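A.B. asks: Using my numbering, you'd call the opening residue of the sequence shown number 6 and step up by one each time.
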Amino acid sequence: MSLIEKKFPNSFNNLPEEDRKNYRKAIDLLPRNERRDLIISITEEAKISWGYLALARLLEKGYVDAVLSLNFDQQLQIACSLVGFSPAIYDIAATKTVNTNYLVFPSIIHLHGQSYGFIQLNTEKENRDHSKNIKPMLDFTLSNSPLFAIGYSGESDNVFQTIQKQYDGAEYLTWLGHESSPRPHLNKILTHPAADYLGNIEFDAFMVSLAIELNEWPPMIVTRPLERLKTFIDNISTFRPGADQQSIDLKYFSKTKIEQMDHDWNKDYGRLPKFEQSILSMNFDDIVKRFERSRNKHGVLSSPFHRNIVSWSYSEVSYKLWVAVANGKIEEKGEKAATLKKSLRNINKAISIEEKNDYLNNKINIFILLYHITKKEKHLKSALELYWGTPHRKRSDKMGYNIISAYSEMYKIRKDGRYRKKVDEIWNGFGEFGKSKPYNYICFLSVVNDIEGCKNMFLHAAENGKLPDKDYIGNDKDLENIRKERWFQSALKAMP
6 MSLIEKKFPN
16 SFNNLPEEDR
26 KNYRKAIDLL
36 PRNERRDLII
46 SITEEAKISW
56 GYLALARLLE
66 KGYVDAVLSL
76 NFDQQLQIAC
86 SLVGFSPAIY
96 DIAATKTVNT
106 NYLVFPSIIH
116 LHGQSYGFIQ
126 LNTEKENRDH
136 SKNIKPMLDF
146 TLSNSPLFAI
156 GYSGESDNVF
166 QTIQKQYDGA
176 EYLTWLGHES
186 SPRPHLNKIL
196 THPAADYLGN
206 IEFDAFMVSL
216 AIELNEWPPM
226 IVTRPLERLK
236 TFIDNISTFR
246 PGADQQSIDL
256 KYFSKTKIEQ
266 MDHDWNKDYG
276 RLPKFEQSIL
286 SMNFDDIVKR
296 FERSRNKHGV
306 LSSPFHRNIV
316 SWSYSEVSYK
326 LWVAVANGKI
336 EEKGEKAATL
346 KKSLRNINKA
356 ISIEEKNDYL
366 NNKINIFILL
376 YHITKKEKHL
386 KSALELYWGT
396 PHRKRSDKMG
406 YNIISAYSEM
416 YKIRKDGRYR
426 KKVDEIWNGF
436 GEFGKSKPYN
446 YICFLSVVND
456 IEGCKNMFLH
466 AAENGKLPDK
476 DYIGNDKDLE
486 NIRKERWFQS
496 ALKAMP
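#1: Write down the C-beta distance between methionine 142 and valine 88 rounded to the nearest angstrom, noting that I regard them as a contact closer than 8 Å.
#2: Between alanine 93 and serine 112, which are expected to be in contact by the criterion C-beta below 8 Å, what is the C-beta distance as a whole number of angstroms?
#3: Between which two residues does the alpha helix (DSSP H) carrying valine 109 extend?
#4: Report back the beta-carbon spacing between leucine 389 and alanine 342 to the nearest angstrom; my notes put them in contact at under 8 Å.
#5: Go ahead and label tryptophan 393 buried or exposed: buried means 16 or more other beta carbons lie within 10 angstroms of its beta carbon, across all protein chains shown.
#6: With a CB to CB cut of under 6 Å and the five nearest residues on each side skipped, what residues in its chain are close to glycine 156?
#7: Suppose contacts are defined by Cβ-Cβ distances below 8 Å. Is glycine 479 in contact with leucine 450 by that definition?
#8: Are the beta-carbon atoms belonging to asparagine 445 and serine 410 less than 8 Å from one another?
#9: Helix, strand or coil: which one does DSSP assign to tyrosine 257?
#10: Give the DSSP-derived three-state secondary structure of alanine 467 in the structure shown.
#11: Can you tell me which of the three DSSP states aspartate 481 falls into?
#12: Would the stretch 306-319 count as touching the stretch 256-273 if we require 3 or more Cβ pairs under 8 Å?
#13: Threshold first: 4 residues or longer. Then list the alpha helix (DSSP H) segments lying entirely within the stretch 306-334, N to C.
#14: Could you tell me which uninterrupted alpha helix (DSSP H) segments, each at least 4 residues in length, are contained entirely in the stretch 77-101, listed from first to last along the chain?
#15: In chain order, what residues of the same chain have a beta carbon less than 7 Å from the beta carbon of threonine 379, not counting five sequence neighbours either side?
#16: Just verifying my parser: in three-state terms, what is the DSSP assignment at threonine 179?
#17: Please report the Cβ distance between tyrosine 95 and glutamine 80, rounded to the nearest whole angstrom; I am assuming they are in contact, meaning their Cβ atoms lie under 8 Å.
#18: Compare the Cα-Cα distances from histidine 384 to each of Thr395, His397 and Asn370 and report the closest residue.
#19: Going by C-alpha to C-alpha distance, which of Lys140, Pro189 and Leu234 sits closest to glutamine 171?
#20: Which word fits lysine 368, buried or exposed, when buried means at least 16 other C-beta atoms lie within 10 angstroms of its C-beta?
#21: Do methionine 266 and leucine 215 have their C-beta atoms closer together than 8 Å?
#22: So for glycine 507, helix, strand or coil by DSSP?
#23: Select from Asn469, Phe493 and Glu65 the residue whose C-alpha is nearest the C-alpha of glycine 458.
#24: Would you list the residues sitting across from isoleucine 155 in a DSSP beta bridge?
#25: Mapping the DSSP letters down to three states, classify alanine 342 as helix, strand or coil.
#26: Rounded to the nearest angstrom, what separates lysine 417 and lysine 427 at their Cα positions?
#27: Could you have a look at phenylalanine 237 and say whether DSSP puts it in helix, strand or coil?
#28: Taking the alpha-carbon of histidine 190 as reference, which of Gln250, Lys489 and Glu468 has the nearest alpha-carbon?
#29: Pick helix, strand or coil for tyrosine 446, following the three-state DSSP scheme.
#30: So, using beta-carbon positions, are isoleucine 114 and valine 72 closer together than 8 Å?
#31: Compute the beta-carbon to beta-carbon distance between glutamate 281 and threonine 228, rounded to the nearest angstrom, for a pair I have assumed lies under 8 Å.
#32: Give every residue of the same chain whose Cβ lies closer than 6 Å to the Cβ of cysteine 448, excluding the five residues on either side of it in the sequence, and list them in chain order.
#33: Taking the straight line between their C-alpha atoms, what separation do you get for isoleucine 352 and histidine 268?
#34: Give me the DSSP bridge partner(s) of leucine 385.
#35: Inspect the beta-carbon positions of proline 443 and serine 185 and report whether they are closer than 8 Å.
#36: Going by C-alpha to C-alpha distance, which of Phe463, His183 and Tyr477 sits closest to serine 495?
See the structure below:
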C-alpha cells in the first residue's frame with residue numbers, strides 16, 4: 006500500500022480514508038497496464054526467502070503435494086530450481102476450465118495469476134468473477150488433502166468465502182496466522198472439529214523448523230553450493246556442431262573450474278563444514294559447545310559474523326530452556342528454578358558478546374518466570390531495573406510489553422497506584438508492534454480494577470484477533486476482576 010501511495014499519489018488520495026488499507030480498493034483505481042508494471046517491479050525485487058527454500062524441499066520430498074499460491078511472484082519456482090527439481094506449474098487465472106483429473110504432483114498452482122502471466126486478478130470484481138473458476142480446484146483440495154493456510158489472511162479476496170462454503174471437515178484444515186488468536190471472520194470455519202488455528206507464526210521460522218524436524222534441512226544449495234552447481238552443469242548436454250560431426254563437451258571448462266574451486270575450499274577450510282552444518286541446522290547447543298571448547302575464543306569473536314552467530318546461539322539455548330519451563334515440560338519446582346538459572350547464565354553470555362534488544366527482552370522474561378516459580382519479589386525488581394536501566398533508545402516494544410506483566414505482579418503485591426502511571430507511559434510510547442499486542446496491558450487494567458478501560462481494550466482486541474486463545478484467557482488469573490462481567494463472558498463465548 007505504501008508503494009501505491011508513493012507511485013500513484015493522486016489515485017491513492019482519491020480513496021476514502023477507511024479504504025486506504027484495502028489493497029483491492031486501491032489497486033482498482035489504477036489502469037490495467039500500471040497494475041501489471043507495479044506487480045512486475047515488486048516481484049522482480051523480491052528475494053528468495055528461507056521459508057520458500059524449506060517449502061521447496063518439502064515439495065521435492067513429497068511431504069507437500071501442491072502449493073495453492075495467491076502471490077504473483079515466481080519465488081517458489083526459483084527456490085525449487087535451487088533445490089534441484091521442477092514441479093508442475095498451473096495458472097488457474099489463465100484458464101476458464103479446471104480439470105483436476107489432469108493435475109500432476111508436486112505442483113505450484115497460481116490461483117490469481119503470475120506477474121508475467123496473461124492475467125493477474127487484483128480488483129474485487131476480477132476476484133468475484135473468478136470465484137467459479139477456482140471452485141473445482143478448492144473442492145478437490147478440501148475433499149482429498151489436508152490444507153495448511155499460511156501467510157494468508159482470508160480477508161482481501163473471495164478465496165476464503167469459497168473455502169468456508171465448501172469445507173465440510175473431510176480433511177484437516179490448519180490455519181497458521183501472525184495473530185495470537187484467529188480474527189473473527191475465521192470463527193465459523195474453526196468450529197469444525199477437524200479445523201484448527203496456530204498463532205504467532207512467522208513463515209520463514211515455521212517452514213525451516215518443520216524441515217529440520219523432518220530431517221530435510223538444510224538443502225545442498227546451502228551446504229554444498231559448488232556440488233549443486235556441478236549437478237546443474239552436468240544436466241547440460243554435449244554440443245554437436247553439425248549432423249555429421251562429433252559431439253563436443255563444452256561444459257568441460259565450467260566443470261573443471263567448479264571442481265578446482267571445491268578442492269581449494271576443502272583444502273583451506275576442511276574443518277568448517279561441521280560448524281556450518283550446526284549453524285544451518287539451527288543446532289545451537291552444538292555451536293555453543295564448539296565455541297566453549299575453542300582455544301581461540303578471541304579470534305572467533307573478532308569476526309562480526311561469528312560473534313553474531315555465537316551470541317545468537319547462547320540466546321537460543323537460553324530460550325529453549327525458558328520454553329521448557331514455560332510450557333510445563335519440567336514439573337518439579339526446584340528443577341524449574343535451576344533450569345531458569347541456567348537459562349539466565351546463557352542469556353548473560355549472549356549479552357556480554359552483543360547487547361541486543363531481543364536478548365534483553367529474553368532476560369526480562371526469565372526474571373518474570375523465575376518470580377512465578379519462586380514467588381520471590383527480587384526477580385520482579387530485577388526485571389524492572391533491567392528495563393528502566395536500559396537507555397530509552399535501546400528499549401524495544403517487546404521489552405515494554407513484557408515488563409507490563411511484571412507491573413501487574415508488583416501491583417498485586419504492593420497495591421502501589423504509581424505503577425499505573427509507569428504502565429501508561431510504556432503503553433503510550435509503543436509503536437506499531439506494541440499496539441498490535443495489547444493483551445498484557447488489558448491484564449494490567451483488570452488487575453488495577455479499571456473495568457471500563459479493560460472492557461474497551463478487550464472488545465477491540467477480540468474484534469481484531471489480538472488476543473490469546475480462549476483456553477488461555479479463561480484460565481488467566483489476571484482477569485479475575487472482569488471474569489463475571491457479561492461483556493467478557495459473551496466475548497469469550499463467541500471465540501472459537
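Built from N, CA and C at the ideal position, the CB exists for glycine as well. Bear in mind the structure is a predicted one, so any value in this text is a computation, not a measurement.
C.D. replies: In short, the structure shows the following:
#1: About 25 Å; that fails the 8 Å criterion.
#2: Cβ-Cβ separation between alanine 93 and serine 112: approximately 4 Å, consistent with a contact (criterion under 8 Å).
#3: Unbroken run through valine 109: none, as it is neither H nor E.
#4: At roughly 20 Å, the Cβ-Cβ gap does not stay under 8 Å, so leucine 389 and alanine 342 are not in contact.
#5: exposed
#6: Phe208
#7: no
#8: yes
#9: helix
#10: helix
#11: coil
#12: no
#13: 309-331
#14: 80-88
#15: Ala342
#16: strand
#17: Tyrosine 95 to glutamine 80, Cβ: 17 Å. No contact.
#18: Of Thr395, His397 and Asn370, the residue nearest in Cα terms is Asn370.
#19: Ranking the options by Cα distance to glutamine 171, first place goes to Lys140.
#20: buried
#21: no
#22: Nothing about residue 507 can be read from this structure; the chain reaches only from 6 to 501.
#23: Phe493
#24: Leu181
#25: helix
#26: Their backbone Cα atoms lie some 15 Å apart in a straight line.
#27: Helix.
#28: Glu468
#29: helix
#30: yes
#31: Correct: roughly 7 Å between the Cβ atoms.
#32: Ser413 and Asp483
#33: Each residue's Cα considered, the two are about 39 Å apart.
#34: Beta-bridge pairing links leucine 385 to no other residue.
#35: no
#36: Phe463
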